[in-house]
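If you want the working numbering, it's the position in the sequence shown, counting the first as 1, plus 23. Positions of the beta carbon are idealized from the N, C-alpha and C atoms, including for glycine. The block underneath contains the structure these notes are about, expressed in structure tokens.
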Amino acid sequence: MSQQERPPGAPGAMAPGPAYDRVEGSAAEPGATQGPSAGRAAPMGRVFAVVNQKGGVGKTTTAVNLAASFAASERSTLLVDFDPQANATSAFGLAGSSPHVYDALSGECVMKGMTRGTELRYLHVVPSGRDLYGAEVELVSAISRERRLERALAEIREDYELVVIDCPPSLGLLTLNALAAADRVIVPLQCEYYALEGLAGLMETVELVRRELNPGLAIEGVLLTMADARNNLSRQVEEEVRRHFGEQVFRTLIPRNVRLSEAPSHGKPVLLYDVHSKGATAYLELAAEVLGRLPAPQPPTPPPSPAFPAPEPQASDAVPEPEAEPAGGTPS
Ligand code: ATP
Ligand code: MG
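Encoded structure:
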């Protein structure tokens with residue numbers, strides 16, 4: 024760990040090694056194919072942080088279903104739940120898992136020792152738990168406190184082509200750790216009246232982290248979530264966000280879709296719950312949009328064995344036939 028020590032706020036003093044093979048001093052434009060993927064064979068270990076300090080905008084839904092969609096494309100993917108609410112963890116039926124991400128921050132356990140297999144061969148999950156609430160306080164006086172996650176990930180990120188970090192609804196120390204560890208930021212925005220509120224603060228934080236901690240950090244895209252084509256307000260918000268952020272907004276729009284909200288209670292990403300739903304289709308499209316900016320690995324490289332294999336599916340785990348959408352309700 025000591026060889027990765029460097030003073031906080033020392034851009035350019037990135038730890039040596041291919042995991043940090045970023046383009047120095049150039050904040051990548053959205054969509055640019057550079058940083059860890061440039062000129063490297065897979066796995067590339069590109070790290071996406073899903074960030075918005077606003078609560079309930081679709082961060083976890085996006086992290087879970089984007090990671091699952093990457094994995095469905097045979098891209099080895101690690102989903103890191105970095106929110107003490109542990110919603111991404113329970114979305115895979117892994118609530119109460121130990122060890123979890125807090126143990127990696129505190130140095131109790133390496134991240135490789137906590138990966139959980141899932142029903143998707145190419146997807147592993149690092150779970151979270153309530154202990155992580157304590158980390159925010161405990162880290163305040165710690166050395167290199169913004170780099171704990173980056174260091175914990177360093178020993179594992181090369182094992183995966185893609186890493187997705189689900190962040191808590193704050194711009195506190197946990198989110199700073201995620202931004203310091205990430206290559207790209209995905210910002211979900213709910214299509215509602217106050218969608219843009221707080222976004223300036225988020226963008227300033229990303230800029231600050233880029234300047235002080237992580238020069239390779241760039242915005243991958245702003246993602247419009249819970250969109251409802253039949254709702255005027257939703258359409259107006261979409262227009263305004265696209266006018267404001269232009270090319271930085273993903274082409275893919277995530278619709279409001281009841282299957283997306285039902286899937287976590289079955290411990291599954293939506294594509295294993297109802298692959299034909301509009302929610303599943305949208306996240307598969309989003310994954311294709313993101314992957315379209317990266318070189319394709321030849322051949323696909325599955326991840327190493329997880330520390331904890333996925334349990335064999337039981338007959339009782341069978342996904343019930345989803346009910347038909349209520350007439351006039353949310354389209355599937
Ligand atoms: P928090 O800030 O608390 O972590 P979050 O930003 O992670 O929240 P989610 O948990 O993903 O947000 O979503 C909030 C709620 O909205 C959840 O109940 C989720 O199931 C639901 N939801 C998210 N996206 C959609 C969607 N596209 N259609 C329908 N429901 C959705
Ligand atoms: Mg969440």
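Restricting attention to Glu184, Arg279 and Asn75, the CA atom closest to the CA of leucine 219 is found in Asn75. For threonine 85, the Cβ stays outside the 7 Å cut-off from all heavy atoms of the ligand MG.
Excluding five sequence positions before and after alanine 310, the CB atoms of its chain that fall closer than 8 Å to its own CB belong to Leu89, Ser92, Phe93, Ala95 and Ser96, given in chain order. Rounded to the nearest whole angstrom, the C-alpha separation of proline 238 and threonine 228 is 13 Å. For glutamate 312 and phenylalanine 273, the gap between their C-alpha atoms comes out near 8 Å. Going by beta carbons, proline 287 and serine 151 fall outside the 8 Å limit. Cβ atoms of cysteine 214 and leucine 247 come within 8 Å of each other, at about 6 Å. Less than 8 Å separates the beta-carbon of leucine 202 from that of valine 208.
For the ligand ATP, a non-hydrogen atom lies closer than 7 Å to the CB of threonine 248. Counting only runs that start and end inside the region 242-308, the alpha helix (DSSP H) elements of at least 4 residues fall at 255-268, 281-285 and 293-296.
Taking a C-beta distance under 8 Å as the contact criterion, proline 278 and alanine 305 qualify as a contact pair. Taking alanine 319 as the centre and dropping the five residues before and after it, the same chain places no C-beta closer than 6 Å to its C-beta. Residue side-chain check: lysine 82 places its Cβ nearer than 7 Å to a non-hydrogen atom of the ligand MG.
When secondary structure is reduced to three states using DSSP, threonine 100 falls in the strand class.
The region 248-262 and the region 102-122 do not touch, with fewer than 3 CB-CB distances between them shorter than 8 Å. Note on geometry: alpha-carbon atoms of glutamate 308 and threonine 275 lie some 7 Å from one another. Where leucine 146 is concerned, the enclosing beta strand (DSSP E) starts and stops at 146-149. Nearest Cα to glycine 79 within the set Ser167, Glu142 and Tyr217: Tyr217. Only residues of its own chain outside the window of five on either side were considered, and among them Arg139 have a CB closer than 6 Å to the CB of phenylalanine 331, listed in chain order. Secondary structure at alanine 333: coil, using DSSP grouped into helix, strand and coil.
In this structure, the ligand ATP has a non-hydrogen atom nearer than 7 Å to the beta-carbon of serine 284. In the three-state reduction of the DSSP assignment, glycine 157 falls in the helix class.
When the beta-carbon positions are compared, alanine 158 and leucine 101 stay at least 8 Å from each other. The shortest C-alpha to C-alpha distance from glutamate 142 to any of Leu155, Leu117 and Lys77 is the one to Leu117. Here DSSP, grouped into helix, strand and coil, assigns glycine 195 to coil. With a threshold of 7 Å, the Cβ atom of glutamine 108 counts as near the ligand MG, since some heavy atom of the ligand is closer than that. Per DSSP, reduced to three states, the secondary structure at leucine 240 is coil, with no helix or strand assignment. The beta carbon of aspartate 154 sits no closer than 7 Å to any heavy atom of the ligand MG. Less than 8 Å separates the beta-carbon of glutamate 178 from that of methionine 134. Exposure of leucine 231 is indicated by the presence of fewer than 16 other C-beta atoms within 10 angstroms of its C-beta. Looking at the DSSP output, arginine 233 sits in no beta bridge, so it has no partner there.
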